[in-house]
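Enquirer:
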Amino acid sequence: MTEFNIDNVKAAPSEDLITPENSVFLFVDHQPQMFFGVGSGDRTAIINNTIGLAKAAKAFNVPTVLTTVAAESFSGHIVPDLAAVFPGQEIIDRTTMNAWEDEALVAAVKATGRRKIVISGLWTEVCLVLPVLSALDQGYEVFVVADASGGVSPEAHNLAMDRMVAAGAVPVTWIQVLLELQRDWARGETYTAVSDIVKAHGGAYGLGMHYAGDFIGGNAG
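Below you can see the structure in the form of structure tokens.
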């Protein structure tokens, strides 16, 4: 930790923050068969959060890697609404439960040159925890999007989250990631896109944005 010196205090962001320039997003196994087994939370909510997260990556032009496991033989194709956010993008299909043991996937992440990985996936206790621990072991900073991920039970999800956090991963939510990327409502080039994502996927927060537009007007955030 840097020694505190009040003379060094200034209005500047922490290097720990996720930015469009320092991060890569990784979506792991958001597939029908995997969703069938999710019991840690509402599956519709997890899908909603996943699409919101994907749209955040798209809005800020953050490099994104999509991957599936055994798509043709067992798990099914990636959730259509997720694929639709990135039309024409290659989806890396694997046989490995640990995505970090797939050469093509690791090469895709390395090619971005980014050190911060924002990751979500199914199931938390298998296909998410394994690559998270592996990436951490190789020096990456990993941010696990808890509400865009799910396990077979609340206990399985929570224990896997605990294991990843203990190893150094940072737990986040999809709205947290979206707003951390925006960080300033004066950032006009992405303001409308962020507002639209919140309205479509942000639940009560999204309703508030609609209200602000209808009755207050202006750029309410």
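Here the UniProt record's numbering is used: position 69 in the sequence shown is 69, and no number is missing along the way.
Idealized CB from N, CA, C, for every residue including glycine.
Quick caveat, the model's predicted, so the values are computed rather than measured.
1) With distance defined between alpha-carbon atoms, name the residue in T50, W100, F25, V24 nearest to S149.
2) Please determine, among K199, T68, Q31, L179, the residue with the shortest C-alpha to C-alpha distance to F60.
3) Does the Cβ of W123 have 16 or more other Cβ atoms within 10 Å, making it buried, or fewer, making it exposed?
4) Just checking: is the beta-carbon of G203 within a distance shorter than 8 Å of some beta-carbon in chain D?
5) List the DSSP bridge partners of L122.
6) Is the distance from the Cβ of V126 to the Cβ of R94 below 8 Å?
7) Tell me whether F60 sits in a helix, a strand or coil according to DSSP, three-state version.
8) Among the candidates V152, D147, L130, T192, whose CA atom is the shortest distance from the CA of N48?
9) If distances are taken between C-alpha atoms only, which option among Q182, Y140, S73 comes closest to R58?
10) Work out the CA separation of G121 and F35 for me, nearest whole Å.
11) What would DSSP say about P131, mapped onto helix, strand or coil?
12) Measuring CB to CB, does V142 end up less than 8 Å from V132?
13) Would you list the one or two residues that DSSP bridges to S23?
14) I'd like the list of long-range same chain contacts for S75, defined as Cβ closer than 8 Å, with 5 residues on each side in sequence excluded.
15) Looking at L114: is its Cβ nearer than 8 Å to the Cβ of N22?
Expert: The structure says:
1) Considering only alpha carbons, the answer is T50.
2) That would be L179, whose Cα lies nearest to the Cα of F60.
3) By the 10 Å Cβ count, W123 comes out buried.
4) As a matter of chain content, chain D is missing from the structure shown, which is built from one protein chain.
5) Answer is G150.
6) Against a cut-off of 8 Å, the Cβ pair of R94 and V126 comes out as no contact.
7) Look at F60 here: in three-state DSSP terms it is coil, with no helix or strand label.
8) Looking from the CA of N48, the closest CA among V152, D147, L130, T192 belongs to D147.
9) Looking at the sequence provided, one finds Lys at residue 58 rather than Arg. For the residues Q182, Y140, S73, the minimum Cα distance to K58 belongs to Q182.
10) Linking F35 to G121 through their CA atoms gives a straight-line distance of about 10 Å.
11) In the structure shown, P131 adopts helical secondary structure according to DSSP, grouped into three states.
12) Against a cut-off of 8 Å, the Cβ pair of V132 and V142 comes out as a contact.
13) Bridge pairing for S23: K116 [DSSP].
14) Around S75: D29, Q31, P32, Q33, M34, T68, V69.
15) Here residue 114 turns out to be Arg, not Leu, going by the sequence shown. Annotated as proximal: R114 and N22, with beta-carbon spacing under 8 Å.
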